[in-house]
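Residue numbers (the numbering used here), protein chains in the order written: chain Y, 46 to 503; chain P, 3 to 448. C-beta atoms are modelled at their ideal positions from N, C-alpha and C, and glycine is treated no differently.
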């Protein structure tokens, strides 16, 4: 066609080279702070992120949600900064800032003009060790977090269903804990609990500083030494191991909440990198999830939404990159005139098919291409690059995996996909949850119900 | 919510874009028309082997002409069968080369966005598919029925979210008879009444070259970009640009709607018609609102509602500038027994700001934030492509960005107070309250 002629002269860089060109530089300060720097000179900006190894999966009963509340309190004053002053200084310097709490991490970031990096470092170093946690600020902020929980969980039936599903699926694994915390645990939280939590986890030897942007790595290391170097290390103990016992049979729950449409959630207990018998297993599960839901051409959209039309929407997801073993998740909403039982059967049939017949080489090839393209697209954002470095490091896998995981995934064979399906995607490993819609009209306020899955941030 | 939030980001990005940094200037925009009459805006970005192409049409729900949901459903069908390919084939052709396609209809515009590698075979296949998607949509009956049924499920799900219910209601009330009143997705009744022929007609009228703007950002030369723009519009009719929309009238004073919902929170929305994309008061209103409720954690509303009183997780105000006056909206959500208190704090803060305007310190901080954050807003091809599409769609001058910073810096506290007093009137605000009956809702009517 015409286009082909036009672009014949276009110079193409080999994609594999692009995908692996991360060039992260690492320095560990004497106090244990790991500093990771990646140069990106496309724009005169920098993102600076501090990642702490603490999140909801470090928590225990009675204190759930504390990591996230502490994240909120990190904006509420240090020995040198009044409450709110952190954000005001960043704003006056044209910065974007926020924070987020996950199961395995709590992270803080600023994106600014590259010459403002010293401001970010000075402020982050302050709150790494010198947070004041004033009680009156805590009491107000706790109310804000409760409002966040109401907004994102209590009044969102699908989110509520996910929270209860998650808690039903896991017995002992701390992944059962909602990131935003159970409502009654938030009620019982005291500022003294936060002080203890802060001192236990917020220290340079439990943190990673990630900088991506228009910077010189040696200058960044020197600047990090200047601001973070004087901070003292803390004795940090790993959280106690709480391994999930073997599930012995399918679990099934219904969640009743005011809603208009049903919602189905299914999860198979699986594994993660560093936990699997065979190193390739988590990667094979990632590829399996992409065979099902790696875009609109993948099987769930093609066969359940467009083909049999049993689903209005259907999804599958799995993350190999977590600190602890997670689940392979399936979810969906039945199409008009179909019900959740039919949708569940259709999803089970999809799982069965993957167990019984090898996936086509073309399907895996499509996913490999998407992975490589995604690595190129990721480079359009310094924030996305830093986030990948920070999360891999913080869940304990190491940033170097960012250069390697595409290769790991690309090596997965159809037989390996089939093998992990047979090993993990079995009925005894399954939890099923159904949102059972209750009438919305003409009812009074719903009782405050426990539970909440959250993508929490400031 | 995500749609509006993205628009806001877009808006602030645009504003910041021209912040006139001495060295790292704004992207160099090249612009021309294709032979069919589509306007093209192009920025060469040679660093990454990728292309962002964004095509926007004056084909948003403001063009529904009484058939609410028509523009949106038309957009939904674009990639569900086009030319010689069915929906499966289109998805396969794009994803097999790692391309990503996004389609969306809002009130003013319908947008089709493609991101692809510039490796030749990949880009060829992606662009060939994109060209078919915009020009040769099939609107097959079977795909139409499926997509419409799923849209109806989405509309039903909207009714289980108190925030979405409130948002739809306040647009209805603010805009009355104007086409901006309707939610782009339509209502269950209006969507059920649409036919595939309605969609085909809408497409034939609005998906035409003279009604389109093409933004291209990527590792291309000007010559290559010209060839791509020419190719993408080759299948479109020349057609005509859509006529101007009717102006937005002031809404009736003090309308109030309560929506009963069994939620743990009460959602409060307050607003009125705001400003156009080319409004003479654009800069004072934009900078003023940045201080009032548009700057996240450091805004006055955040300070009064969240930081001082812990009443809400989210509280904001914004202008959504559109072809005609888009809304000025403020909102929050709080536990039910605080609804009245939160509403009073929200309204008092807006009224006080309108009466007094910002302090010199607040103004200086806002200008530093907006201008200092300028390089962030244009860092990335994807962001630049969105700005280009917006400049083209709303016919802003190509040097608009280059002059932007000086305009922000020229805004004075007096100009903000003056613009707010002329344009914003809390006493006439439309208010929507969603929550359980009774509890939070006692107390004075506005």
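With a threshold of 8 Å between beta carbons, is residue i in contact with chain A?
{"i": "residue 265 (chain P)", "result": "Protein chains in the displayed structure are Y and P, and chain A is not among them."}
Which word fits residue i, buried or exposed, when buried means at least 16 other C-beta atoms lie within 10 angstroms of its C-beta?
{"i": "residue 322 (chain Y)", "result": "exposed"}
{"i": "residue 223 (chain P)", "result": "exposed"}
{"i": "residue 397 (chain P)", "result": "exposed"}
{"i": "residue 105 (chain Y)", "result": "exposed"}
{"i": "residue 306 (chain Y)", "result": "buried"}
{"i": "residue 323 (chain P)", "result": "buried"}
{"i": "residue 73 (chain Y)", "result": "exposed"}
{"i": "residue 130 (chain P)", "result": "buried"}
{"i": "residue 127 (chain Y)", "result": "exposed"}
{"i": "residue 407 (chain Y)", "result": "exposed"}
One question on the structure: do residue i and residue j come within less than 8 Å of each other, judged by their Cβ atoms?
{"i": "residue 112 (chain Y)", "j": "residue 99 (chain Y)", "result": "yes"}
{"i": "residue 47 (chain P)", "j": "residue 221 (chain P)", "result": "yes"}
{"i": "residue 216 (chain Y)", "j": "residue 284 (chain Y)", "result": "no"}
{"i": "residue 347 (chain P)", "j": "residue 289 (chain P)", "result": "no"}
{"i": "residue 176 (chain Y)", "j": "residue 253 (chain Y)", "result": "no"}
{"i": "residue 220 (chain Y)", "j": "residue 151 (chain Y)", "result": "no"}
{"i": "residue 314 (chain P)", "j": "residue 371 (chain P)", "result": "no"}
{"i": "residue 326 (chain P)", "j": "residue 247 (chain P)", "result": "yes"}
{"i": "residue 214 (chain P)", "j": "residue 239 (chain P)", "result": "no"}
{"i": "residue 42 (chain P)", "j": "residue 231 (chain P)", "result": "yes"}
{"i": "residue 240 (chain Y)", "j": "residue 178 (chain Y)", "result": "yes"}
{"i": "residue 312 (chain P)", "j": "residue 186 (chain Y)", "result": "yes"}
{"i": "residue 175 (chain P)", "j": "residue 270 (chain P)", "result": "no"}
{"i": "residue 459 (chain Y)", "j": "residue 409 (chain Y)", "result": "yes"}
{"i": "residue 387 (chain P)", "j": "residue 56 (chain P)", "result": "yes"}
From the DSSP output, in three-state form, read off residue i for me.
{"i": "residue 337 (chain P)", "result": "strand"}
{"i": "residue 269 (chain P)", "result": "strand"}
{"i": "residue 444 (chain Y)", "result": "coil"}
{"i": "residue 259 (chain P)", "result": "strand"}
{"i": "residue 431 (chain P)", "result": "coil"}
{"i": "residue 204 (chain Y)", "result": "helix"}
{"i": "residue 227 (chain Y)", "result": "coil"}
{"i": "residue 274 (chain P)", "result": "strand"}
{"i": "residue 483 (chain Y)", "result": "strand"}
{"i": "residue 307 (chain Y)", "result": "coil"}
{"i": "residue 384 (chain P)", "result": "helix"}
{"i": "residue 325 (chain Y)", "result": "coil"}
{"i": "residue 458 (chain Y)", "result": "coil"}
{"i": "residue 307 (chain P)", "result": "helix"}
{"i": "residue 126 (chain P)", "result": "helix"}
{"i": "residue 118 (chain Y)", "result": "helix"}
{"i": "residue 32 (chain P)", "result": "strand"}
By DSSP's criteria, residue i is part of a beta bridge. Which residues make up the other side?
{"i": "residue 143 (chain Y)", "result": "Y:154"}
{"i": "residue 92 (chain Y)", "result": "Y:156 and Y:257"}
{"i": "residue 113 (chain P)", "result": "P:58 and P:106"}
{"i": "residue 302 (chain P)", "result": "Paired residues: none, contrary to the question."}
{"i": "residue 118 (chain P)", "result": "P:53"}
{"i": "residue 2 (chain P)", "result": "Residue 2 (chain P) cannot be examined here, being either before or after the span of chain P that is shown, 3 to 448."}
{"i": "residue 297 (chain Y)", "result": "Y:477"}
{"i": "residue 359 (chain Y)", "result": "Y:377"}
{"i": "residue 70 (chain Y)", "result": "Y:82"}
Take residue i and list the residues in its own chain whose beta-carbon comes closer than 8 Å to its own, dropping the five residues that flank it on each side.
{"i": "residue 149 (chain P)", "result": "75, 78, 79 and 82"}
{"i": "residue 438 (chain P)", "result": "262, 263, 264, 265, 268 and 338"}
{"i": "residue 471 (chain Y)", "result": "313"}
{"i": "residue 56 (chain Y)", "result": "With a pLDDT of only 34 at residue 56 (chain Y), under 50, the local geometry of the prediction cannot be trusted, and no value is derived from it."}
With a CB to CB cut of under 7 Å and the five nearest residues on each side skipped, what residues in its chain are close to residue i?
{"i": "residue 356 (chain P)", "result": "422, 423, 426 and 428"}
{"i": "residue 48 (chain Y)", "result": "Residue confidence for residue 48 (chain Y) is low, a pLDDT of 41 falling below 50, so the modelled location carries little weight; the figure read from the coordinates is stated next. Contacts found: none."}
{"i": "residue 337 (chain Y)", "result": "343, 344, 345, 361 and 395"}
{"i": "residue 158 (chain Y)", "result": "89, 90 and 139"}
{"i": "residue 368 (chain P)", "result": "289, 292, 293 and 297"}
Excluding five sequence neighbours on each side, which residues of the same chain lie with their C-beta closer than 6 Å to the C-beta of residue i?
{"i": "residue 198 (chain P)", "result": "141, 143 and 146"}
{"i": "residue 226 (chain Y)", "result": "109 and 110"}
{"i": "residue 329 (chain Y)", "result": "457, 461, 462 and 465"}
{"i": "residue 106 (chain P)", "result": "113"}
With hydrogens ignored, establish whether the beta-carbon of residue i is closer than 7 Å to any heavy atom of the ligand SAM.
{"i": "residue 435 (chain Y)", "result": "Annotation note on the ligand SAM: not contained in the displayed structure, which lists no ligands."}
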